[in-house]
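With the numbering used here applied, the sequence shown covers 93 to 192.
A virtual CB, placed ideally from N, CA and C, is assigned to each residue, including glycine.
In what follows, a single structure is set out as structure tokens and then discussed.
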Amino acid sequence: MKKLLTLVVAVGCSATISNAQNINWRSFENHKNVISANFGLDNGTTFGVGYGRQLKTWFFPILVNTEFSIPAGSEIFDDFKLKVGGQAEVLHVGNFSTTV
């Protein structure tokens with residue numbers, strides 16, 4: 093019970109210093125890297141980490157990212173996942189952004 097309470101408090105405290113799940117394109121003026129950690133309940137419990145890097149282009153910013161996750165079961169390499177992708181901001185009006 094104490095371990096669960098410690099975990100809940102740690103996650104709650106980290107939420108106060110973390111950024112939103114969605115990308116804040118205006119924050120990339122000073123920071124070009126994105127590091128993420130995730131927990132999921134797809135068809136099982138999974139834990140994952142990810143890394144993204146912003147590429148400067150002349151028409152719109154692009155974020156290229158990769159993510160690796162593993163299941164929390166007894167066979168670690170039973171259902172691992174590797175994703176490579178990207179996001180691009182195609183429209184910016186005031187505080188509104190549209191990404192693809």
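Exposure of Ile127 is indicated by the presence of fewer than 16 other C-beta atoms within 10 angstroms of its C-beta. Within the DSSP secondary-structure output, Ala164 pairs in no beta bridge.
Sixteen is the threshold: since fewer than 16 other Cβ atoms of the shown chains lie within 10 Å of the Cβ of Leu97, the residue is exposed. Only residues of its own chain outside the window of five on either side were considered, and among them none has a CB closer than 6 Å to the CB of Val185.
Here the alpha carbon of Ala180 sits roughly 12 Å from the alpha carbon of Trp150. Under the DSSP assignment, Asn125 falls in the beta strand (DSSP E) whose first and last residues are Asn125 to Leu133.
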